[in-house]
Amino acid sequence: MTFPYKAFFLGLALCLLALPGETRTFKILALGSSLTQGYGLPPGTEFTVQLQAALKSSGIDAHVDNAGVSGDTSSGGLSRLDWSLAGHPDAAMIELGSNDMLRGISPDVTEKNLRAILVRLQKDHIAVLFTGMQAQRNLGPEYVKAFDSIYPRLAKEFKVTFYPFWLDGVALNPKLNQADGMHPNPAGVKIIVARMLPSVKKMLSEVKP
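Going by the working numbering, the final residue of the sequence shown carries number 209, and the count climbs one at a time with no gaps.
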């Protein structure tokens with residue numbers, strides 16, 4: 001049995017960030033669309049609420065600011081970035097692009113907007129968790145290839161923590177989604193949080209003291 005060095009050093013980094021004297025409260029900005037906002041979910045079951053609770057259960061004190069807007073595109077996210085950063089977050093999670101895809105917006109436009117968001121966050125020395133989305137396959141192979149490639153390319157370019165697919169483990173499963181088949185139900189959100197939690201912790205380990 002090998003020693004879990006990666007998990008050990010990740011935990012150590014988070015502990016060191018809390019020194020000296022008292023536990024640090026991380027401020028996390030969750031900038032996104034309806035998936036972040038919690039469309040159709042009962043109060044208290046939204047992604048940000050469940051994530052904050054999961055972090056607390058892991059011994060990490062954090063406040064997750066819900067900056068999700070239903071129907072928002074990457075252009076909308078970029079346009080409200082300045083006031084979203086007014087609270088001076090330590091870290092930011094980016095979940096944008098799904099509505100661009102649903103509206104058939106050019107992937108070039110989506111990539112330009114997401115790049116501008118990442119440039120601003122790096123300029124402000126904010127740790128980032130960049131989450132990906134996948135295009136619906138009925139949009140055609142050219143669009144799918146162009147859209148899907150945006151996220152890993154930008155993650156590599158900016159060297160940020162990357163979670164490839166926001167809906168991993170939940171997409172297309174009727175038991176984990178609402179009646180529209182697009183938005184997760186509370187059980188689906190729980191799975192998303194559990195799968196994404198290690199990436200969130202990695203992001204927090206990169207917060208500047």
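Ideal placement from N, C-alpha and C gives every residue a C-beta, glycine not left out.
A Cβ-Cβ separation of about 6 Å places Q134 in contact with F165 under the 8 Å criterion. A Cβ-Cβ distance of about 7 Å is found for the pair F26 and D61, placing them in contact under the 8 Å criterion.
DSSP lists G32 as the bridge partner or partners of E95. Our two residues, V193 and Q178, have alpha carbons roughly 17 Å apart in a direct line. In its chain, beyond the 5 residues on either side, V170, L176 and N177 have a beta carbon closer than 7 Å to the beta carbon of G188. Annotation for A155: no beta strand (DSSP E) segment contains it, though the alpha helix (DSSP H) segment containing it runs I150 to F158.
Per DSSP, reduced to three states, the secondary structure at G76 is helical.
With respect to I150, L121 sits apart: the two C-beta atoms are not nearer than 8 Å. For the options S199, G87 and D124, the alpha carbon positioned closest to that of G132 is the one of S199. Linking A116 to L78 through their CA atoms gives a straight-line distance of about 7 Å. Taking 8 Å as the cut-off, the Cβ atoms of P89 and D72 do not count as close. CA-CA distance, S205 to F158, rounds to 17 Å. The straight-line gap separating the alpha-carbon atoms of G44 and L172 is approximately 24 Å. In this structure, G38 places its C-beta atom within 8 Å of the C-beta atom of G68.
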